[in-house]
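Novice:
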Amino acid sequence: MAAHREIASENSPFVLSLLQDAGNPSTSSGRTVACMDKTNHSATSSFLSRKSPAAKVFLVSLLALIIIVPFDEGGNNFIGQGIAQIVLLGCLAVWVTQTLRRRSITLIVDWIDLCVLGFLGWSCLSLFVADYYYTAFLEFVKIVSYLAIFYLCRTLFPLYSIRTLLLWTIFGSSVFQMFLGWYWYLSHYTPVLQADFVNPNNFACFLSFGVNIGLSFLLFATRPEHHSSRTLSRFLPQLLIGLFLCCLTATIFVEQSRGAVLSLMGTGFFLITIKKRQIGMFSLILFCVLLLVPLPGGNMFTRLQKRGDQYAYERIGIWESSIRMAADYPLWGVGLGMYKYYGHSYNFPVEHAIARYGKHLNIAHNDVLQIAVELGIIGALLFVGGAICLGSSCLVQLRQRPPCWRMMAACTGILGLLIQGLFSNRLLSPALAIITAIFSAIVFEGARRFFTRSISFNASWLWHLVTFSICAVIFLYGIAYPFLGHVAYLRYNTLMKERHVLEAIRQLQTAIAYVPQHPNYHYQLAMIYQKAYRKRPTDESFQKAEKSFTEAIRYNPHNYRYYESLARLYEKKFYSPPREEEAARAALTAYQHAHDVHPYSPFLLFAMATLHADLDEFAQALELLRTSVTLEPNFVGGHQMLGKMLAHLERQDEAEAAFRLAENIMRQYNDLTPDSNYVASLLRPLFPSWEGNTRE
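Positions 1 to 696 (the UniProt record's numbering) are the ones given, in order, by the sequence shown.
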């Protein structure tokens with residue numbers, strides 16, 4: 001693209017200094033798998049003068065998303081998520097309509113598109129074999145949203161003309177999140193710096209994007225010729241960006257995210273070395289020295305070790321368990337979003353911890369392993385193939401001389417995310433995934449085409465009808481119904497806090513009407529009926545609770561809590577007069593299902609042992625209790641119940657040994673403040689002392 005494109009007015013020297021290109025591009029703009037025929041590149045000399053409404057709407061929406069999406073980390077804010085998906089769906093519908101009216105399309109396929117389309121198709125096929133269809137469908141919608149951003153960026157406008165605006169918006173968003181994090185930390189005394197991110201490590205990763213953009217600008221941006229004199233207007237942008245850069249870097253260190261610090265070291269050393277090798281080596285040495293500088297709470301190197309976290313060094317165990325999980329489900333995987341539900345069966349002990357199984361296996365702590373588990377080996381290979389294409393395109397762009405700071409920022413942003421993705425799951429965060437899609441689109445701006453073909457067609461009214469129908473179905477089932485269901489669920493939570501139970505039940509039933517496949521809605525309804533049954537046992541409340549629990553299990557058979565709660569319902573029925581052995585057997589069956597999903601929970605074994613004891617089946621009860629205290633040697637209640645049961649069987653020596661062991665554990669951890677409910681439950685005694693409990 002020979003013509004230089006700028007967005008800002010020529011009368012603004014500050015903006016000119018930010019937008020000045022480091023060199024003319026050597027390649028033309030890349031395109032998508034299916035894009036409009038744009039042969040006249042000179043018509044795009046200024047993006048703001050273009051007449052494409054889809055392009056203008058999408059650009060404004062994209063800039064807004066970069067600011068808003070960090071408030072939607074993990075998909076917890078359905079309002080932000082719904083707005084984002086509606087915008088993307090609307091832009092996609094406008095583009096398809098324009099293409100149909102144009103009656104011509106140019107298919108331009110890059111190497112990355114083959115991997116992307118294969119990955120998308122495989123993800124779609126995996127929906128048909130997923131046990132928990134609803135969460136798999138929502139994860140698939142997120143993947144489609146990220147890919148829509150990637151392709152719409154490459155379709156609706158030439159990124160070369162607006163990439164500066166996108167990069168500075170990302171930089172501004174990271175600075176805004178930094179200030180917001182400090183504000184909440186200092187004024188509301190939040191425990192960690194995380195702004196609106198659920199995971200502080202994701203927050204640190206987002207800030208590292210801003211560091212890469214600012215550092216790339218300071219190192220590689222050229223100065224406009226008419227600002228060659230040493231004036232304040234020339235140095236003001238550099239001073240401001242340098243100040244923000246220092247603040248972002250300091251915040252990342254305060255966050256003590258080891259992945260973000262490692263990424264910062266890698267990308268910073270990479271950028272400085274490209275600028276000048278000697279300075280790069282000096283900076284690396286200086287960085288290492290700063291890690292060892294004595295500070296009031298210990299040097300930064302000591303802080304990053306996180307010795308107070310008993311599970312801080314269990315990555316290898318998590319990776320081994322993830323590999324075993326992927327090997328057990330090699331073809332289709334466990335399904336999108338299902339890792340955390342299958343992870344309980346692959347948990348591993350941490351021998352030096354108070355709670356050996358206190359570390360729940362929720363994520364693989366590696367993006368490739370996460371995909372291998374959820375989509376099988378084929379899905380992982382397609383993802384790795386796309387990453388290789390992306391990396392090779394980054395290398396091609398980095399070889400250009402002189403280097404362009406915009407391309408450096410995009411490439412180092414991707415490099416930093418890949419480094420962190422080796423030790424954690426960064427692509428699970430919507431904000432990080434969207435920024436990665438934008439960086440990838442910038443990198444593939446000048447990608448080499450693998451296949452190009454122009455196709456003309458006659459678009460009848462039927463084509464428009466099909467387009468409208470597809471968009472309507474996606475809008476209703478992918479956006480509107482989940483959004484309305486979540487709104488009703490939020491109202492239910494509010495009404496429950498205000499103790500308006502009947503109105504809360506109606507709101508929960510409304511949520512179920514919108515999304516009947518959502519198991520948690522059925523589970524919450526069942527918990528209400530179960531609570532009512534505990535207060536006043538009636539057949540009606542029991543049957544409603546049982547039905548709702550069954551529906552929850554039907555839609556997600558891999559959540560052990562659903563089985564456990566159903567077992568407690570049967571347990572309550574068994575202990576309510578008159579006692580029915582059938583209810584106890586049903587409770588044991590439900591507990592066994594929960595144990596099959598979560599085999600390393602000592603509390604499930606404890607509950608089953610109690611029921612067997614009440615059925616006078618002491619052999620099974622003793623075996624279950626011994627298994628529970630073998631899993632968790634610090635299970636105080638398990639040792640005490642074992643002693644109580646042995647005393648009942650008149651095995652006094654064994655009973656006293658069990659009680660004595662429980663008392664030793666209580667004495668050892670008497671002054672300990674539990675760091676989780678799991679540890680608190682392990683150390684909670686059934687009774688304060690074993691004296692007087694050796695006989696019934």
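Backbone N, C-alpha and C define an ideal beta-carbon position, used for all residues, glycine too.
Spell out the partners DSSP gives serine 454 in its beta bridges.
Specialist: One-based indexing of the sequence shown puts residue 454 at position 454. Note: serine 454 sits in a beta bridge opposite Thr106.
Novice: At the level of alpha carbons, what is the spacing between valine 384 and histidine 598?
Specialist: In the sequence shown, residue 384 corresponds to position 384, counting from 1. In the sequence shown, residue 598 corresponds to position 598, counting from 1. Approximately 31 Å, taken between the alpha carbons.
Novice: Roughly how many angstroms lie between the CA atoms of glutamine 668 and isoleucine 363, to the nearest whole one?
Specialist: For the purposes of this step, residue 668 is taken as the residue at position 668 of the sequence shown. For the purposes of this step, residue 363 is taken as the residue at position 363 of the sequence shown. Taking the straight line from one Cα to the other gives about 32 Å.
Novice: Using the Cβ count rule (16 or more neighbours within 10 Å means buried), how would you classify threonine 164?
Specialist: As a first step, residue 164 is located in the sequence shown; it is residue number 164 there, counting from the start. It counts as buried.
Novice: Could you tell me the distance, in whole angstroms, from the CA atom of tyrosine 185 to the CA atom of glutamate 255?
Specialist: Counting from one through the sequence shown, the residue named residue 185 turns up at place 185. Counting from one through the sequence shown, the residue named residue 255 turns up at place 255. The straight-line gap from Cα to Cα measures roughly 11 Å.
Novice: Which same chain residues, not among the five before or five after serine 681, have their C-beta less than 7 Å away from its C-beta?
Specialist: Stepping through the sequence shown from its first residue, residue 681 is reached at position 681. Once the five neighbours on either side are set aside, the close Cβ partners of serine 681 are Phe603.
Novice: Less than 7 Å between C-beta atoms, sequence neighbours within five positions excluded: which residues of the same chain meet that for alanine 594?
Specialist: The residue you call residue 594 lines up with position 594 of the sequence shown. Cβ neighbours of alanine 594 beyond the five flanking positions: Tyr560, Tyr563, Glu564, Ala567 and Leu604.
Novice: Measure from the alpha carbon of leucine 622 to the alpha carbon of each residue in Phe209, Gly638 and Asn634, then state which is nearest.
Specialist: In the sequence shown, counting from the first residue as 1, residue 622 sits at position 622. Here the closest residue by C-alpha is Gly638.
Novice: Examine the Cβ distances between the stretch 471 to 480 and the stretch 115 to 129 and report whether three or more of them are shorter than 8 Å.
Specialist: Judged by Cβ distances under 8 Å, the stretch 471 to 480 makes no contact with the stretch 115 to 129, as fewer than three pairs qualify.
Novice: Just to check my reading of the structure: leucine 138 and proline 482 have Cβ atoms closer than 8 Å, yes? What is that Cβ distance to the nearest angstrom?
Specialist: To locate residue 138, count along the sequence shown from 1; it is residue 138. To locate residue 482, count along the sequence shown from 1; it is residue 482. Yes, they are in contact, since the Cβ atoms of leucine 138 and proline 482 sit about 7 Å apart, within 8 Å.
Novice: Is there contact between the stretch 128 to 135 and the stretch 494 to 504, where contact requires at least three CB pairs shorter than 8 Å?
Specialist: no
Novice: Exposed or buried, tryptophan 461, counting other C-beta atoms within 10 Å across all chains shown (16 or more means buried)?
Specialist: Indexing the sequence shown from 1 puts residue 461 at position 461. Tryptophan 461 should be labelled exposed.
Novice: Quick one: what does DSSP say glutamine 256 is sitting in, helix, strand or coil?
Specialist: Counted from its first residue, the sequence shown places residue 256 at position 256. Looking at glutamine 256 - three-state DSSP - the assignment turns out to be coil, as it is neither helix nor strand.
Novice: Once DSSP output is grouped into helix, strand and coil, what is the label at isoleucine 363?
Specialist: As a first step, residue 363 is located in the sequence shown; it is residue number 363 there, counting from the start. Looking at isoleucine 363 - three-state DSSP - the assignment turns out to be coil, as it is neither helix nor strand.
Novice: Taking its Cβ as the centre, do 16 or more other Cβ atoms sit within 10 Å of leucine 125, making it buried, or is it exposed?
Specialist: Position 125 of the sequence shown, counted from the start, is the residue given in the question as residue 125. Answer is exposed; the Cβ neighbour count stays below 16.
Novice: Pick from Arg585, Trp95, Arg154 and Val94: whose alpha carbon is nearest that of aspartate 113?
Specialist: In the sequence shown, residue 113 corresponds to position 113, counting from 1. It is Arg154 whose Cα lies nearest to the Cα of aspartate 113.
Novice: Candidates Ala545, Ser345 and Ser576: which alpha carbon is nearest tyrosine 529's?
Specialist: As a first step, residue 529 must be located in the sequence shown, where it is residue number 529. For the residues Ala545, Ser345 and Ser576, the minimum Cα distance to tyrosine 529 belongs to Ala545.
Novice: Quick one: residues in its chain with C-beta nearer than 7 Å to the C-beta of cysteine 471, no 5 flanking neighbours on either side, listed in chain order?
Specialist: Your numbering for residue 471 matches position 471 in the sequence shown. Around cysteine 471: Leu89 and Ala93.
Novice: Between the stretch 406 to 419 and the stretch 257 to 272, are three or more C-beta pairs nearer than 8 Å?
Specialist: yes
Novice: In three-state terms, what does DSSP make of phenylalanine 235?
Specialist: Along the sequence shown, read from residue 1 onward, the residue named residue 235 stands at position 235. Helix.
Novice: Give every residue of the same chain whose Cβ lies closer than 6 Å to the Cβ of leucine 525, excluding the five residues on either side of it in the sequence, and list them in chain order.
Specialist: Residue mapping note: residue 525 aligns to position 525 of the sequence shown, counting from 1. Result list for leucine 525: Leu508 and Ser548, in chain order.
Novice: Would the stretch 236 to 248 count as touching the stretch 214 to 223 if we require 3 or more Cβ pairs under 8 Å?
Specialist: yes
Novice: Straight-line CA distance for arginine 426 to phenylalanine 606?
Specialist: Within the sequence shown, residue 426 is the residue found at index 426, counting from 1. Within the sequence shown, residue 606 is the residue found at index 606, counting from 1. Taking the straight line from one Cα to the other gives about 37 Å.
Novice: Could you tell me whether the Cβ of alanine 662 comes closer than 8 Å to any Cβ of chain C?
Specialist: Here there is only one protein chain, and chain C is not present.
Novice: Verify whether the separation of the beta carbon atoms of tyrosine 514 and glycine 485 is less than 8 Å.
Specialist: Position 514 of the sequence shown, counting from 1, holds the residue named residue 514. Position 485 of the sequence shown, counting from 1, holds the residue named residue 485. If you check the CB distance, tyrosine 514 and glycine 485 come in under 8 Å.
Novice: Do leucine 432 and leucine 417 have their beta-carbon atoms positioned less than 8 Å apart in this structure?
Specialist: As a first step, residue 417 is located in the sequence shown; it is residue number 417 there, counting from the start. As a first step, residue 432 is located in the sequence shown; it is residue number 432 there, counting from the start. Going by C-beta atoms, leucine 417 is nearer than 8 Å to leucine 432.
Novice: Report the option in Ile378, His360 and Ser208 whose CA atom is closest to the CA atom of glycine 121.
Specialist: Residue numbering aside, residue 121 sits at position 121 when the sequence shown is read from its first letter. Measuring from the Cα of glycine 121, the nearest candidate turns out to be Ile378.
Novice: Taking the straight line between their C-alpha atoms, what separation do you get for glycine 337 and proline 577?
Specialist: Residue mapping note: residue 337 aligns to position 337 of the sequence shown, counting from 1. Residue mapping note: residue 577 aligns to position 577 of the sequence shown, counting from 1. Taking the straight line joining both Cα atoms gives about 43 Å.
Novice: Note the first and the last residue of the continuous alpha helix (DSSP H) segment covering residue 708.
Specialist: Residue coverage of the chain in this structure runs from 1 to 696, which leaves residue 708 outside it and unanswerable.
Novice: Using a Cβ distance threshold of 8 Å, determine whether the stretch 327 to 341 contacts the stretch 365 to 373, with at least three qualifying pairs required.
Specialist: yes
Novice: Just checking my contact of leucine 646 with alanine 658 at CB under 8 Å: how many whole Å lie between their CB atoms?
Specialist: Taking the sequence shown and counting its residues from 1, one reaches residue 646 at position 646. Taking the sequence shown and counting its residues from 1, one reaches residue 658 at position 658. Sure, about 6 Å apart at Cβ, within 8 Å.
Novice: Using 8 Å for Cβ pairs, my map puts serine 208 next to alanine 260. What's the rounded Cβ distance?
Specialist: Within the sequence shown, numbered from 1, the residue matching residue 208 stands at position 208. Within the sequence shown, numbered from 1, the residue matching residue 260 stands at position 260. Yes, serine 208 and alanine 260 are in contact; Cβ-Cβ is about 5 Å, under 8 Å.
Novice: Using alpha carbons as the reference points, say which of Ala327, Tyr341, Tyr342 and Arg258 lies closest to arginine 315.
Specialist: Counting from one through the sequence shown, the residue named residue 315 turns up at place 315. The residue with the shortest Cα to Cα distance from arginine 315 is Arg258.
Novice: Using the C-alpha atoms, what's the distance from alanine 221 back to isoleucine 434?
Specialist: Locating residue 434 in the sequence shown gives position 434, counting from the first residue. Locating residue 221 in the sequence shown gives position 221, counting from the first residue. About 25 Å.
Novice: Can you tell me whether DSSP reads arginine 154 as helix, strand or coil?
Specialist: Here residue 154 refers to the residue found at position 154 when the sequence shown is read from its first residue. When secondary structure is reduced to three states using DSSP, arginine 154 falls in the helix class.
Novice: My output table needs one value for serine 345: the three-state DSSP class, helix, strand or coil.
Specialist: In the sequence shown, counting from the first residue as 1, residue 345 sits at position 345. DSSP places serine 345 in helix when its eight states are reduced to three.
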